[in-house]
Structure formats: C-alpha cells, structure tokens
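Quick note: the sequence shown, position 125, residue 125 per full-length UniProt numbering, numbers continuous. For each residue, glycine too, the CB sits at the ideal point set by N, CA and C. This report concerns only the one structure given below.
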Amino acid sequence: MIYAILLIALLMMAISAVRARAIVLRAVPAYRALQQTVSAAVESGRGVHVSLGSSALLDESALTAIAGAELLYQTAARASGGDLPVTASTSDPVTLGIAQDRLRRAYALRNRPEVFKSTLARWYPSGDASLALAAGVGAALLDEEDSLALLCGRFGAELALIAEAAIRYDRDLLPHSTQIEGQAIAYATSATPLLAEELFVSAAYLEPTPLNIGAAAAQDALRYLVVFALIALAVLAFLGVNL
1 MIYAILLIAL
11 LMMAISAVRA
21 RAIVLRAVPA
31 YRALQQTVSA
41 AVESGRGVHV
51 SLGSSALLDE
61 SALTAIAGAE
71 LLYQTAARAS
81 GGDLPVTAST
91 SDPVTLGIAQ
101 DRLRRAYALR
111 NRPEVFKSTL
121 ARWYPSGDAS
131 LALAAGVGAA
141 LLDEEDSLAL
151 LCGRFGAELA
161 LIAEAAIRYD
171 RDLLPHSTQI
181 EGQAIAYATS
191 ATPLLAEELF
201 VSAAYLEPTP
211 LNIGAAAAQD
221 ALRYLVVFAL
231 IALAVLAFLG
241 VNL
C-alpha cells in the first residue's frame, strides 16, 4: 500500500512538473507576507532571524528540520542583498550544521560569500520547552535590529515568549510549529502563520520552478486522495463491508 502511494506521488509529481505552467497553486498568505517583509527588511537595512526550533535530523522531526532548512535557504537568498546578514538558531547540534550550510549556499548564490560566517547560525541548549532558545531569539530581535522573526519547526509553549518579544519590540512575526500547543500560539499571535504542511512547499512559492510547483501540486492532490480514501473506508465499514 505504501509503495503504491509513493508510486502515485512520483507519477503525479512528474505529470505536474510537465504541466507546471498551467498550474495555479492555492494561496498561502504566509508566503506572500514573507516576501513583503523580507523586501522591507532589505530596503530598511534591517536583519532577518530564522529559527528552526528543536527540529532534529535524528528523531521523528527530521522532515521538519529539512523543510525548515529549505525555508531558511529561500529566505536568506532573498535577504542576502541587505546590509545586515540573516541569522539562524536551533537547539539541535546536527541541525546547526545544516543551517550553516544553507546560509553559506544562499550568500554564495548572490556572489557574496565573504558575508557568511559560521557564527550566523547559533545553537542554544535543547529541551522540550527550551527557554534558552526563546531567550536567544528574543535577544537577537532586539540587539541585532532584526525586523522579522521567522519560526519554522518544532516549538512548544516557548513560542509564546518569542512572540511576546517580537510584539514588544515591534517586529514582524511569521510563526509555525509542528506541535499543537505551538501552532495554537502561532495562530493567536500572528495574522499570517504558516499552518501545518505549508512549511513543506516553501520552494514552490519562493522559487517556483516547474519541479517545485509539480511537487506542491502532487502533495495537494495526494491530500485529497487520502481524505477520499478515509471517507470511503468509513462508509464501507458503516455498511458492514469487510475488506
């Protein structure tokens, strides 16, 4: 069953990539707001901070860490022309290396490799509710004159502390969390939070190549297929049909 779903996903991605020019992706307000706030930060000479939270490559949040690193790259590439460098934070030491690599690649893409420093990505002590991470991000927003806090990864209740700091210092906030309590706080503190799986399609909205658009379209189509399958199975079970 799993192999069949993966095969369907690959086929749909390939077909969607070929027809990407005719595909109109659903609107995601968070990505529109991200492009506007990053442009405003560059024009005003302010910085951008991207935090990956406690997402880690060696546990169940590995996909979130990879998706967050991709969003970090896309954001840094857009903001790399600014006066202040993009900074990043994480509470996982392995993810720290990925964040450093994405920042290095973003500045190399814009022919500004001299701007990159490994210290632009910071590690803070880990924990289920890492107050050190929240304190570090809050300090970065104030001390480094960052105008945007982009939170993309695994955050718990500590997201409230980061959001409070962003609101107090009049910074833009674009939050996301894979945890229920973190997502609830994100929804309550921002007009344009990243919701659920929207994190995994950042490339399609920020770097809309045919392959990226096809991947996002395939993901949307698979979501509807899964919903349809669940409804069909529930109806069959209600009718007493044994599969």
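**OP:** Can you tell me the Cβ-Cβ gap for Y107 and S80, rounded? I've got them flagged as a contact below 8 Å.
**Re:** 5 Å
Original post:
Is the Cβ-Cβ distance between V86 and V48 less than 8 Å?
Top reply: yes
Original post:
Run through DSSP, which three-state label would V115 get?
Top reply: helix
**OP:** Pull up the distance between the alpha-carbon of S177 and that of G240, whole angstroms please.
**Re:** 39 Å
Original post:
On the three-state DSSP scale, how would you describe S202?
Top reply: helix
**OP:** Ignore the nearest five residues each way along the sequence and tell me which others in L199's own chain have a CB closer than 6 Å to its CB.
**Re:** A67, C152 and H176
**OP:** For P113, I'd like the list of residues in its chain whose CB is within less than 6 Å of its CB, leaving aside the five on either flank, ordered along the chain.
**Re:** Y107
Original post:
Taking residue 245 as the reference, which of R26, D59, A217 and R78 has the closest Cα?
Top reply: A question about residue 245 goes unanswered here, because the residues of the chain that appear run from 1 up to 243.
Original post:
Does the stretch 178-197 touch the stretch 209-216, meaning 3 or more C-beta pairs lie closer than 8 Å?
Top reply: no
Original post:
Nearest-angstrom Cα distance between R171 and A237?
Top reply: 51 Å
Original post:
Closest to L206 by CA distance: which of R223, A218 and Y31 is it?
Top reply: Y31
Original post:
For the alpha helix (DSSP H) that contains A149, what are its first and last residues?
Top reply: From DSSP, A149 is part of no alpha helix (DSSP H) but of the beta strand (DSSP E) over D146 to R154.
**OP:** Let me know the secondary structure DSSP gives L25 once reduced to three states.
**Re:** coil
Subject >> When Y169, R154 and E70 are compared against E144, the one with the closest alpha-carbon >> reply: Y169
Original post:
Since A121 is in the alpha helix (DSSP H), which residue starts that stretch and which ends it?
Top reply: No alpha helix (DSSP H) contains A121, which is instead part of the beta strand (DSSP E) from A121 to W123.
**OP:** Within the same chain, show all residues whose beta-carbon is closer than 6 Å to that of G53, passing over the 5 residues directly before and after it, in chain order.
**Re:** G153, R154 and F155
Original post:
Nearest-angstrom Cα distance between P193 and A232?
Top reply: 32 Å
**OP:** Determine which residues share a DSSP beta bridge with L173 and list them.
**Re:** A149
Subject >> Beta-ladder partner(s) of S89, from DSSP >> reply: S51 and R122
Original post:
Can you tell which of V94, Y73 and G82 has the C-alpha that lies nearest to the C-alpha of D59?
Top reply: V94
**OP:** Give the C-beta separation of G138 and I162 to the nearest angstrom, bearing in mind that I take them to be a contact with Cβ-Cβ under 8 Å.
**Re:** 6 Å
Original post:
Can you name, in chain order, every residue of its own chain whose Cβ lies under 7 Å from the Cβ of A204, other than the five neighbours on each side?
Top reply: L25, N212, I213, A215 and A216
**OP:** Could you pull out every residue in the same chain whose Cβ sits closer than 7 Å to the Cβ of A99, ignoring the five residues on either side in sequence?
**Re:** L52, A69, L72, A88, T90 and A121
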